[in-house]
Amino acid sequence: MDMETDQIYQVDVGNLLAFNSNHRFPAAPSSREELVKECVTEGTKLVQAIADTLFNFPSTETSDGPLVQLPPPTTKLPREKHLPRPKPPTKWEEFALKKGIQKRKKDKIVYDETTDKFKRRHGYDRVNDDNDIPIIEAKASDEPGEDPFAKRLDDKKKRVGKQEKNRLQNLKTAAKAGALPSHVQLAATALPISGTKAQPQKIGKEALGDVAGLAATSTASGGKFDKKLPGEKPPKKQGKHHKYLPVVPRHGGVDEEKEQTNKVLGKLLSKHSHEILNVGKAINMYNDKKEKKKSGRSDKLKAKKDITKKKPYANKADK
Amino acid sequence: MMEIRTPKTHKAKRVLEKRAPKLVENGKKTLILHGTKTSATLSAVLMELYRLKKGGAIKYSRRNENIRPFESGGETSLEFFSLKTDCSIFAYGSHTKKRPDNLVLGRMYDHHVYDLIEVGIENFKSLLSFSYDKKIAPHEGSKPFICFTGEGFENVPELKQLKEVLTDLFRGEVVDNLNLTGLDRAYICSAISPTKVFLTHCAIKLKKSGTIVPRIELVEVGPSMDLVIRRNRLPNEGLRKEAMKSSKDKPKKKVKNVDQNDVLGKRGRIYIPEQEVGKNPLPDKSKGVKRERREGKLKKNKEEGSASKKLKGSE
Chain A
1 MDMETDQIYQ VDVGNLLAFN SNHRFPAAPS SREELVKECV TEGTKLVQAI
51 ADTLFNFPST ETSDGPLVQL PPPTTKLPRE KHLPRPKPPT KWEEFALKKG
101 IQKRKKDKIV YDETTDKFKR RHGYDRVNDD NDIPIIEAKA SDEPGEDPFA
151 KRLDDKKKRV GKQEKNRLQN LKTAAKAGAL PSHVQLAATA LPISGTKAQP
201 QKIGKEALGD VAGLAATSTA SGGKFDKKLP GEKPPKKQGK HHKYLPVVPR
251 HGGVDEEKEQ TNKVLGKLLS KHSHEILNVG KAINMYNDKK EKKKSGRSDK
301 LKAKKDITKK KPYANKADK
Chain B
1 MMEIRTPKTH KAKRVLEKRA PKLVENGKKT LILHGTKTSA TLSAVLMELY
51 RLKKGGAIKY SRRNENIRPF ESGGETSLEF FSLKTDCSIF AYGSHTKKRP
101 DNLVLGRMYD HHVYDLIEVG IENFKSLLSF SYDKKIAPHE GSKPFICFTG
151 EGFENVPELK QLKEVLTDLF RGEVVDNLNL TGLDRAYICS AISPTKVFLT
201 HCAIKLKKSG TIVPRIELVE VGPSMDLVIR RNRLPNEGLR KEAMKSSKDK
251 PKKKVKNVDQ NDVLGKRGRI YIPEQEVGKN PLPDKSKGVK RERREGKLKK
301 NKEEGSASKK LKGSE
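Residue numbers (UniProt numbering), protein chains in the order written: chain A, 1 to 319; chain B, 1 to 315.
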């Protein structure tokens, strides 16, 4: 290990870097080749100095060769991105801190008393599943005619909606502090209120293609003879989008419309009609629709239809 | 109205996590592009730089007319590319009458321009013009030695900045463990004058010496060029301070299932899966599988074999 005392190199083994600050190159360079040679010899000395320290490290033998543990680099270089910023506490975390609530680890398997078995907490066949309750006892505070099962579902939906809103708020505060988690992105879906920041709306390739197609169909010949730009794809679905049966059947031919209605009727009235038409589901859908209409419409002018009232001329022959 | 968007595939999630700001960062990637006009030497330089940094560089082949690194408005395109490709160093080459064979090396912090240094390239020798024994050719992606010679690198501020930029450019990834057989390249930068740096790339030949440390021999293989300092832009002080900040503590990796006890010492936990007595496969107790039977058979075969050999021998 030969090192001249006036040439002490600054060696950074972590980066495999060496710097010789004492060498002076001749101001009037000799030939180019001489200069190159000089540079390479100086370089060799520096590499030798690094290798001296490197090969003297304790090494472990692996199948590829001796492996050496490098020390961390000593030259400071600027980072490429900022340091990760600490996440601001969420609303629940603040509340828990204030109240002194500790996090408790929950088990994956919980004992279910109703079936005397160990069931999982979340997932298939879970403990306390909402759908499994067969009977809900009526309380004095319940209104008559209110479906408690539907009410439970409704409550759950409201709770989930509230949770989503809270989650969005937490992410917004995190984004404001610059600490949004790396896999989450907040995107604007509607026009912002005037005066607030707007996210520039990016129109995708497909949307542009669709609009171009729509504009083409509004021409007199339906976009068939429009000059296509280079790279423009042919319209997706050309021609008719629906097929309608002829109203008047062909002379002597089969009445297709009659056939169609007969087919449907046959299916409905057949022995296996309960498999095709789920009466329970149909009734539920009807009721839901009515409820939505009820809650949505506040039309005072329209006369409210009350189905509990009996119709004056109900057809008693209907079964 | 805001919407939360999360990646739908695991791959997308991994890509986003890779690009997120971290305590210990990945190696910086280099973006190589060129401007309105490039000369033959300059395109060769850019191509060879790309080849030297193969694993961690992205080269754009189209010309970029609206990139002017030293002008205030001309960096937006660069910053956009840096954001899209996640590159923090860029090498931008252009050729004009006023600045022939111009190469701008720049770094980004948070995808905004951090610092720039402009060098002119002279006396360029392509790596194809060097003839050497192909066996010592350095492998792609190996960690290089970087050597700086010359007092200029300490005294002249522009050269100091160039030294830092070149270190950043050639360094690659910071590694903990290094395989000593994989050391095969070295970059030699010599400050031959206060404005000129001679850069060359050499392959390393390890020769036997008396000690564990082999004797190093350098053979010029790669491109060599003279860099003439032109313009530069240093980072503003506040930005520099922020970029140089590093958190002292390394996050300790949580070691699971081990705990230290003063009385009992270091204890570990082992989890054994539940034994289902009814479900274990029973041992195969059929007659032919028994060990004594097997060994007996082997012996028999051996004797027969030797017997047949004897017969053969006698024939």
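Just so it is clear, CB atoms sit at the ideal spot from N, CA and C, and this is done for glycine as well.
In the three-state scheme derived from DSSP, where H, G and I count as helix and E and B as strand, Asp12 (chain A) is classed as strand. In the DSSP assignment, Val36 (chain A) falls within the alpha helix (DSSP H) that extends over Arg32 to Phe55.
In this structure, Ile50 (chain A) sits near Leu16 (chain A), with a CB-CB distance shorter than 7 Å.
Rounded to the nearest whole angstrom, the C-alpha separation of Gly305 (chain B) and Arg291 (chain B) is 21 Å. Under the three-state reduction of DSSP, Ser129 (chain B) is assigned to helix. Just measuring C-alpha positions, the residue of A:Leu229, A:Ala188 and A:Tyr124 sitting nearest Gly209 (chain A) is A:Leu229. For His10 (chain B), the enclosing alpha helix (DSSP H) stretches over residues His10 to Arg19. Residues Ile32, Ala57 and Lys59 of the same chain have their beta carbon placed closer than 6 Å to that of Tyr50 (chain B), with the five preceding and five following residues left out of the count.
Listed along chain A, the residues sitting closer than 8 Å to Ile146 (chain B) by beta-carbon distance are Asn15, Leu16, Leu17 and Ala18. Sixteen is the threshold: when 16 or more other Cβ atoms of the shown chains lie within 10 Å of the Cβ of Tyr9 (chain A), as they do, the residue is buried. The beta-carbon distance between Leu178 (chain B) and Lys143 (chain B), rounded to whole angstroms, is 7 Å. This is short enough to meet the 8 Å contact definition. Boundaries of the alpha helix (DSSP H) around Gln169 (chain A): Pro148 to Lys176.
If you check the CB distance, Val47 (chain A) and Ile216 (chain B) come in under 7 Å. Listed along chain A are Leu67, Val68, Gln69 and Leu70, each with a C-beta nearer than 8 Å to that of Asn177 (chain B). In chain order, Phe19 and Ser21 make up the part of chain A whose C-beta sits under 7 Å from the C-beta of Phe153 (chain B). Taking 8 Å as the Cβ-Cβ cut-off, the stretch 14-27 of chain B approaches chain A at Leu16, Glu17, Arg19, Ala20, Pro21, Lys22, Leu23 and Glu25, given in chain order. In this structure, Val228 (chain B) lies away from Glu151 (chain B), with their beta-carbon atoms at least 7 Å apart. Of all alpha-carbon atoms in A:Glu80, A:Glu33 and A:Leu277, the one lying nearest the alpha-carbon of Lys22 (chain B) is that of A:Glu80. Proximity of Leu180 (chain A) to chain B, defined by a Cβ-Cβ separation below 7 Å, is not satisfied.
With contacts defined by Cβ atoms closer than 7 Å, Met244 (chain B) and Lys105 (chain A) do not form a contacting pair. In the structure shown, the three-state DSSP call for Val24 (chain B) is coil.
Chain-order list of chain A residues neighbouring Tyr114 (chain B): Pro78, by C-beta distance under 7 Å. Sequence-distant Cβ neighbours of Asp255 (chain A) in its own chain, meaning closer than 6 Å and more than five residues away, are Pro249. Sequence-distant Cβ neighbours of Ala138 (chain A) in its own chain, meaning closer than 8 Å and more than five residues away, are Pro148.
Close CB contacts of Gly74 (chain B) within its chain, under the 8 Å cut and outside five residues either way in sequence, are with Asn66, Ile67 and Arg68 (chain order). Between Phe170 (chain B) and Ile146 (chain B), the CB-CB gap stays under 7 Å. For the stretch 156-176 of chain B, the set of residues with a beta-carbon nearer than 8 Å to any beta-carbon of chain A comprises Lys163, Glu164, Thr167, Asp168, Arg171, Val174, Val175 and Asp176, in chain order. Within chain A, the residues placing a beta-carbon under 7 Å from that of Gly150 (chain B) are His23 and Phe25, ordered along the chain.
The count of Cβ pairs closer than 8 Å, one atom from the stretch 21-35 of chain A and one from the stretch 91-108 of chain A, stays below three, leaving the stretches out of contact. Contact between Leu168 (chain A) and Ile4 (chain B) holds: CB atoms are separated by about 6 Å, below the 8 Å threshold. Under the Cβ criterion of 7 Å, Phe80 (chain B) is not counted among the residues facing chain A. Secondary structure note for Asp259 (chain B): its beta strand (DSSP E) is the uninterrupted segment Val258 to Asn261.
Nearest CB-CB separation between Lys103 (chain A) and chain B: not below the 7 Å threshold.
Under the criterion of beta carbons closer than 8 Å, Cys39 (chain A) and Thr195 (chain B) do not qualify as touching, at roughly 16 Å. Judged by DSSP secondary structure, Asn280 (chain B) falls outside any alpha helix (DSSP H); it is assigned neither H nor E.
Legend: CB atoms of the stretch 43-60 of chain A lying less than 8 Å from CB atoms of chain B belong to residues Gly43, Thr44, Leu46, Val47, Gln48, Ile50, Ala51, Asp52, Leu54, Phe55, Asn56 and Ser59.
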